[in-house]
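Here the protein sequences line up with chains A and B, keeping their order. Residues 1 to 209 (the UniProt record's numbering) make up the first sequence, in order. Residues 1 to 209 (the UniProt record's numbering) make up the second sequence, in order. Ideal placement from N, C-alpha and C gives every residue a C-beta, glycine not left out. Keep in mind it's a predicted model, so treat the numbers as computed, not measured. See structure below.
2 protein chains.
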Amino acid sequence: MTVGSRTPPPREPRQERSRITRERLLRSTIEALAHDGWSAATVAAVAEQAGVSRGAAQHHFPTREALITAALEQVFEDMTSTASTAITAMPAGPDRIAAAVDRAVRIYTGTEFKAALQVWAAAASDPALRQLILPMEDRFAHAAHQMTVEALDPDGANPQAHNVAQVTLDLARGLGLADTLSDDSKRRAQVVATWTELVAAALRSAEGV
Amino acid sequence: MTVGSRTPPPREPRQERSRITRERLLRSTIEALAHDGWSAATVAAVAEQAGVSRGAAQHHFPTREALITAALEQVFEDMTSTASTAITAMPAGPDRIAAAVDRAVRIYTGTEFKAALQVWAAAASDPALRQLILPMEDRFAHAAHQMTVEALDPDGANPQAHNVAQVTLDLARGLGLADTLSDDSKRRAQVVATWTELVAAALRSAEGV
């Protein structure tokens, strides 16, 4: 068989190529926000980083606002996906509580949260951006809370699970913020261990065991 | 007595005037950071806001870096001062635990923390700024932790106080962040109430009561 007689691979459909380009631009935006800050995430800079032509980037995101909005949607989608990592198959008990707490902490210690933090900081003085973020954040907060409650209290029987899940997520957010300027993982492990014990005790005590 | 015969008030000494001007510029910088964001806190903008001439402002802070550094020192000083609000006179018990938790939350829900957040966000992509912040933050974290431990465990006898104080401060930081884009005080009150109960239970249980 000669080289010339090979059947060429099927051409990537245009729609699929477009989807991949868009995704690459969004990944690039999230990385730029997290590592280089708010002002680094422009359409031109992100296109260059993603190896996408400026024209193609502008076709997807005609303005910086469109790019940031789409990146923010992706951030909340990724964070929701982390919040729903499967742990529900685990039997209820200490291991499952530890897994639920770890999962909550993972939401806030990833690149996505570091990117979100840059957008939040910018939004503090930008009412339009704030109005864009708040409903997304609200939806995310509800989803993350529900998934944490389900992980901590699979039977839906523990009256303390709702509040304990809320504290877990607020604590995780605080730990995430402490990790933005330096690697806080060693100190964090101790805080997470303490919190996991306290959650187990609180749920046991609310069960009246 | 005629108007002319009144003894004029003693002239404000130059040093005192200079101190007041400096303080006014720093207050203005902290307000600008918290409400208008990182890029708003320039020497010129802050001078105008503070009603100080640009020349006088530049005498105190020749560069933006000098202004931000001094404002950051002021922020950590103010936060340390909040962390040391007197509650040690209260008898040990549930009221004192509630006061200690409230105090920790106050550290992270004031204007100072909102200003610090802007500097942290900027520092994520500015290694020089990061190197400036980290030692200040470290000193503050140690002081706040020590004061929280003392408030929770005045006798220094509870083996759980150290860890519980740490969780309290990380949770408070997370609550502070949740308050930056919208007023979170209502939801926060519920989280604080849950946490205060859990702290009391954890300290009781560690005491073996």
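With DSSP as the reference, label residue 176 (chain A) as helix, strand or coil. On the first sequence, position 176 is the one that residue 176 (chain A) refers to. It is helical.
If you follow the alpha helix (DSSP H) that residue 136 (chain B) is part of, which residue opens it and which one closes it? Within the second sequence, numbered from 1, the residue matching residue 136 (chain B) stands at position 136. First-last of the alpha helix (DSSP H) with residue 136 (chain B): 127-152.
Quick one: which chain A residues come within Cβ less than 7 angstroms of residue 180 (chain B)? Along the second sequence, one-based indexing puts residue 180 (chain B) at 180. Correct list: 120, 124.
Quick check: residue 76 (chain B) and residue 147 (chain B), are their CB atoms within less than 9 angstroms of each other? In the second sequence, counting from the first residue as 1, residue 76 (chain B) sits at position 76. In the second sequence, counting from the first residue as 1, residue 147 (chain B) sits at position 147. In this structure, residue 147 (chain B) does not lie closer than 9 angstroms to residue 76 (chain B) by Cβ.
Where residue 204 (chain A) and residue 16 (chain A) are concerned, what is the direct C-alpha to C-alpha distance, given to the nearest angstrom? Your numbering for residue 204 (chain A) matches position 204 in the first sequence. Your numbering for residue 16 (chain A) matches position 16 in the first sequence. Going by the C-alpha atoms only, they are around 51 angstroms apart.
The alpha helix (DSSP H) with residue 74 (chain A) in it runs from where to where? Here residue 74 (chain A) refers to the residue found at position 74 when the first sequence is read from its first residue. Element bounds for residue 74 (chain A): 64-83.
At a CB-CB cut-off below 8 angstroms, which residues of chain B make contact with residue 75 (chain A)? For this step, residue 75 (chain A) is matched to residue 75 along the first sequence. Within chain B, no residue comes near residue 75 (chain A); the closest Cβ sits about 15 angstroms away, beyond 8 angstroms.
If we count the other Cβ atoms within 10 Å of its Cβ and call it buried at 16 or more, is residue 28 (chain A) buried or exposed? On the first sequence, position 28 is the one that residue 28 (chain A) refers to. Per the 10 Å Cβ criterion, buried.
Consult DSSP for residue 163 (chain A) and reduce its assignment to one of helix, strand or coil. Indexing the first sequence from 1 puts residue 163 (chain A) at position 163. Here residue 163 (chain A) sits in helix by DSSP.
Select from B:72, B:173, B:23 the residue whose C-alpha is nearest the C-alpha of residue 122 (chain B). Your numbering for residue 122 (chain B) matches position 122 in the second sequence. Nearest of B:72, B:173, B:23 to residue 122 (chain B), Cα basis: B:72.
Would you grab the beta carbon distance between residue 118 (chain B) and residue 124 (chain A) for me? Rounded to a whole angstrom, and I think it's under 8 angstroms. Position 118 of the second sequence, counted from the first residue, corresponds to residue 118 (chain B). Position 124 of the first sequence, counted from the first residue, corresponds to residue 124 (chain A). That belief holds up - the Cβ atoms of residue 118 (chain B) and residue 124 (chain A) are roughly 7 angstroms apart, short of 8 angstroms.
Please compile the residues from chain A whose C-beta is within a distance smaller than 8 angstroms of the C-beta of residue 191 (chain B). Walking along the second sequence from the start, residue 191 (chain B) turns up at place 191. Correct list: 163, 166, 167, 170.
Quick check: the segment 97-115 of chain B against the segment 174-183 of chain B, are there 3 or more CB pairs under 8 angstroms? yes
From which residue to which residue does the alpha helix (DSSP H) around residue 21 (chain A) run? Locating residue 21 (chain A) in the first sequence gives position 21, counting from the first residue. Note, residue 21 (chain A): alpha helix (DSSP H), 14-36.
Could you have a look at residue 169 (chain A) and say whether DSSP puts it in helix, strand or coil? Counted from its first residue, the first sequence places residue 169 (chain A) at position 169. It is helical.
Starting from residue 37 (chain B), find everything on chain A with Cβ-Cβ shorter than 8 angstroms and list it in chain order. Within the second sequence, the letter at position 37 stands for residue 37 (chain B). Chain A residues near residue 37 (chain B): 121, 122, 124, 125, 126.
Just mark residue 59 (chain B) as buried or exposed, buried being the case when its beta carbon has 16 or more other beta carbons within 10 Å. For the purposes of this step, residue 59 (chain B) is taken as residue 59 along the second sequence, with counting starting at 1. So residue 59 (chain B) counts as exposed.
Any beta carbon from chain A within less than 9 angstroms of residue 133 (chain B)'s own beta carbon? Residue numbering aside, residue 133 (chain B) sits at position 133 when the second sequence is read from its first letter. Closer than 9 angstroms to some Cβ of chain A, the Cβ of residue 133 (chain B) qualifies, so yes.
Using the C-alpha atoms, what's the distance from residue 101 (chain B) back to residue 140 (chain B)? The count along the second sequence starts at 1 and reaches residue 140 (chain B) at position 140. The count along the second sequence starts at 1 and reaches residue 101 (chain B) at position 101. Roughly 17 angstroms between the two C-alpha positions.
Residue ranges of each beta strand (DSSP E) run of no fewer than 3 residues wholly in the segment 87-133 of chain B, ordered along the chain? none
Does DSSP put residue 202 (chain A) in a helix, in a strand, or in coil? Translated into positions along the first sequence, residue 202 (chain A) becomes position 202. If DSSP states are grouped into helix, strand and coil, residue 202 (chain A) belongs with the helices.
At a CB-CB cut-off below 9 angstroms, which residues of chain A make contact with residue 114 (chain B)? Within the second sequence, numbered from 1, the residue matching residue 114 (chain B) stands at position 114. Near residue 114 (chain B) (Cβ distances below 9 angstroms), the residues of chain A are 124.
Three-state secondary structure assigned by DSSP to residue 43 (chain A): Numbered from 1 along the first sequence, position 43 holds the residue referred to as residue 43 (chain A). Residue 43 (chain A) falls in the helix class under three-state DSSP.
So, helix, strand or coil for residue 185 (chain B), using DSSP? What you label residue 185 (chain B) is simply residue 185 of the second sequence in a count that begins at 1. Here residue 185 (chain B) sits in helix by DSSP.
Check whether the Cβ atoms of residue 144 (chain A) and residue 196 (chain A) sit closer than 9 angstroms, and answer yes or no. On the first sequence, residue 144 (chain A) is found 144 positions in, with the first residue counted as 1. On the first sequence, residue 196 (chain A) is found 196 positions in, with the first residue counted as 1. Contact flag unset, no.
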